[in-house]
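Some notes on the structure that comes next.
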DNA sequence: TTCTCTACTGTGAACGCTCACAGAAGCGTG
DNA sequence: CACGCTTCTGTGAGCGTTCACAGTAGAGAA
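Protein chains in written order, with our numbering: chain A, 3 to 345; chain B, 3 to 345.
Rendered as structure tokens:
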């Protein structure tokens, strides 16, 4: 009682204290703590009451020591960090994963590994078994971290298809190609025939797949592929602006643009505005992501909504399943066309 | 060797294995691990070699079980989450803290507690001793979490001055009042005399202090305080836009606005543009934060730079000191005026 | 009755580490 | 030579939990 004198905390109650308080053995308390199988209703109730009275909370370190599990999950971001700051999707994803895990009472360890040095340290930390699994967010493919973790046998779920090792690593992704098809079909349905595109980086699955969808629909509509209508960006607003300028210079008759991200689409709007083109009258613009940027812009963006809430919850579900011993799995989720003012 | 058959990991080496490999006892290995005091150079070297050979990594659960420390730190965000997404400062702060802690090899647990329910769960989790200390980010004052954690004796450092319990809780903050003074003096030095302000929420230290600095400089310049020139926002872009409209309605002769955040300043620029006022010719606009938003806007914003890199490293320093037994401390860091196009 | 089966409970023995303590070795000092 | 001091090393004990196992009691079947 007086141990608290120096402002330190009182020694927290242990499973022993609870057992004594409830008049049962450690084992019974432990069984109650872990699901309550093979425990009589009377004991169950006595233990629960004792837990309430003592304010007992299980010591996770002791538990982890013996189970070998840490009961925590890592959220690993191997992007260069500017991207993280600029892209609102990461935030949505992070929040979704935190919430999905909170439902299982599992804390999320955020790990930022932007530099090579940090990546090494964190890989070591993870492979040492300090998290049970990893949610990996890294849109670039040539990422060695995924491969290293896979080799070390760490349960892993990637966000987006990891180009190199899609068959070996679990992932959850939106159906980029189908989303792109929807958008381009929509633009064609408005009567546009000179549809350009600003792609994402072509070493990312999103960049590749969305471009593929674009090409497919043009072919399907019998339109000839014109490479002057294709420019690439890096998902940043600035690259969208630059891309649109290049597009206008190379194909001045462009009457619609499918932009592979909303952020880039904002840049495209800026460039079109400066060039005196009206949106959507002269040029229709379609984005991708349905990020907050989509409605912040001048004319609100028609865009493709990625189901980020479902992506995050699916990532967590697949990861927990994998930790539980199931095989890696791939989950592809449908996208949705959101029509607004820019088309 | 063949334990690996099912894809599981080989049993990782323990301190025992290292001891055997190095030809010393557990105790000696442990001493090397914890600073190497009272260890002969020969033993030191033998142990280090054995660690390299075996790939040994200390089992933190076992260590924590006995030391009572968890060797990890929580980054607790009690904001409603939209704020987190909208405000780039949080990202900078988060990154800075992660890096500062990485230097000590301490992982950061990100905890989002937007709802009352989540706050309860996380408070319980923290007070159960699963982190050694907490970096608290919550600009609103009436936050019960800080008080609860303080009472539980959890080392705690707040970002920004916690209004209610500044004397009891460590905090690190930029000198908001002085920054506001600098900005308003700058506006006056340009010859402006009808200087309005869009404040932050007045239940946040930033909101209060920046307004106080504004008032001080007006008084110091012998200008009468005109409450029509003062409107409040909530740091969001939308509230800046609305604030500027109210300001223009109530005081059409306004010739400068000190806006308590860059994000709100963006809204102010939008509203001024719509009202046909030129920036800076008709109305000079000063922001606060030097966030990416400052340079993204039409005319680049003159703003007050908060030293976020130093704020995060100081927060970590103060927290680690407090965990080490030192008393709570307050750190106030200077701000810097950044002149750009909007003034 | 006796035997088996199920439902439940208690008891060591770990898990991998740190800590306190005891002891050894080396060295200078009285 | 005995003594103390410092530096170094090994050894049990124990942190709080889970797990495997042994054991008890009661119900139903032979």
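Every residue, glycine too, gets a C-beta built ideally from N, C-alpha and C.
Mark residue i as exposed unless 16 or more other C-beta atoms lie within 10 angstroms of its C-beta, in which case mark it buried.
{"i": "residue 221(B)", "result": "exposed"}
{"i": "residue 344(A)", "result": "buried"}
{"i": "residue 269(A)", "result": "buried"}
{"i": "residue 5(B)", "result": "Unreliable positioning characterises residue 5(B) in this predicted model, as indicated by a pLDDT of 33, which lies under 50. The coordinate reading is nonetheless provided below. Residue 5(B) should be labelled exposed."}
{"i": "residue 42(B)", "result": "exposed"}
{"i": "residue 36(B)", "result": "exposed"}
{"i": "residue 106(A)", "result": "exposed"}
{"i": "residue 204(A)", "result": "exposed"}
{"i": "residue 183(B)", "result": "buried"}
{"i": "residue 188(A)", "result": "buried"}
{"i": "residue 66(A)", "result": "buried"}
{"i": "residue 148(A)", "result": "buried"}
{"i": "residue 40(B)", "result": "exposed"}
Here's a check: name, in chain order, each residue in its chain whose Cβ is nearer than 6 Å to the Cβ of residue i, leaving out the five neighbours to either side.
{"i": "residue 112(A)", "result": "77"}
{"i": "residue 109(B)", "result": "74"}
{"i": "residue 272(B)", "result": "243"}
{"i": "residue 196(B)", "result": "255, 256 and 257"}
{"i": "residue 185(A)", "result": "260, 288 and 306"}
{"i": "residue 325(B)", "result": "134, 135 and 157"}
{"i": "residue 114(A)", "result": "79"}
{"i": "residue 201(B)", "result": "209, 213, 234 and 262"}
Quick check on DSSP: helix, strand or coil for residue i?
{"i": "residue 92(A)", "result": "helix"}
{"i": "residue 206(B)", "result": "coil"}
{"i": "residue 291(A)", "result": "strand"}
{"i": "residue 249(B)", "result": "helix"}
{"i": "residue 269(A)", "result": "helix"}
{"i": "residue 348(A)", "result": "Residue 348(A) falls outside the range modelled here, since chain A spans only 3 to 345, and no answer is possible."}
{"i": "residue 81(A)", "result": "coil"}
{"i": "residue 323(B)", "result": "helix"}
{"i": "residue 56(B)", "result": "helix"}
{"i": "residue 298(B)", "result": "helix"}
{"i": "residue 316(A)", "result": "helix"}
{"i": "residue 277(A)", "result": "coil"}
{"i": "residue 76(B)", "result": "strand"}
{"i": "residue 47(A)", "result": "helix"}
{"i": "residue 172(A)", "result": "strand"}
{"i": "residue 13(A)", "result": "coil"}
{"i": "residue 64(A)", "result": "helix"}
{"i": "residue 20(B)", "result": "helix"}
{"i": "residue 304(B)", "result": "strand"}
{"i": "residue 261(B)", "result": "strand"}
Using CA coordinates, which residue listed in the options is at the minimum distance from residue i?
{"i": "residue 237(A)", "options": "56(A), 81(A) and 166(A)", "result": "81(A)"}
{"i": "residue 311(A)", "options": "275(A), 103(A), 212(A) and 13(A)", "result": "103(A)"}
{"i": "residue 332(A)", "options": "115(A), 67(A), 164(A) and 274(A)", "result": "164(A)"}
{"i": "residue 244(A)", "options": "199(A), 67(A) and 224(A)", "result": "199(A)"}
{"i": "residue 335(B)", "options": "307(B), 296(B), 275(B) and 63(B)", "result": "307(B)"}
{"i": "residue 260(A)", "options": "176(A), 290(A), 49(A) and 166(A)", "result": "290(A)"}
{"i": "residue 229(A)", "options": "211(A), 223(A), 219(A) and 253(A)", "result": "253(A)"}
{"i": "residue 292(A)", "options": "251(A), 322(A), 337(A) and 248(A)", "result": "337(A)"}
{"i": "residue 69(A)", "options": "64(B), 188(B) and 239(B)", "result": "64(B)"}
{"i": "residue 97(B)", "options": "117(A), 216(A), 323(A) and 135(A)", "result": "117(A)"}
{"i": "residue 101(B)", "options": "210(B), 315(B) and 278(B)", "result": "315(B)"}
{"i": "residue 232(A)", "options": "240(A), 212(A), 326(A) and 224(A)", "result": "212(A)"}
{"i": "residue 207(A)", "options": "146(A), 140(A) and 323(A)", "result": "140(A)"}
{"i": "residue 79(B)", "options": "120(B), 16(B) and 48(B)", "result": "120(B)"}
{"i": "residue 283(A)", "options": "192(A), 294(A) and 240(A)", "result": "192(A)"}
Near residue i, what residues of its chain come up, given a Cβ to Cβ distance below 8 Å and the 5 sequence neighbours on each side ignored?
{"i": "residue 129(B)", "result": "150, 151, 154 and 156"}
{"i": "residue 296(A)", "result": "264, 267, 289, 302, 303, 305, 340 and 342"}
{"i": "residue 214(B)", "result": "179 and 182"}
{"i": "residue 275(A)", "result": "281 and 300"}
Take residue i and list the residues in its own chain whose beta-carbon comes closer than 7 Å to its own, dropping the five residues that flank it on each side.
{"i": "residue 317(B)", "result": "99, 137, 159, 161 and 174"}
{"i": "residue 52(B)", "result": "20, 23 and 24"}
{"i": "residue 194(A)", "result": "257, 258 and 286"}
{"i": "residue 218(A)", "result": "183"}
{"i": "residue 10(A)", "result": "Confidence is the limiting factor: at residue 10(A) the pLDDT is only 43, short of 50, which leaves the residue's position unreliable, though a coordinate-based value still follows. Nothing listed; no residue qualifies."}
{"i": "residue 320(A)", "result": "159, 172, 174, 331 and 333"}
{"i": "residue 247(B)", "result": "273"}
Check your understanding: Mind pulling the alpha helix (DSSP H) runs of 4 or more residues that sit fully within the stretch 107-168 of chain B?
Key -> 118-127 and 146-153
Exercise for review: Within the stretch 196-244 of chain B, note down every full beta strand (DSSP E) run reaching 3 residues or more, in order along the chain.
Suggested key: 197-201 and 232-234
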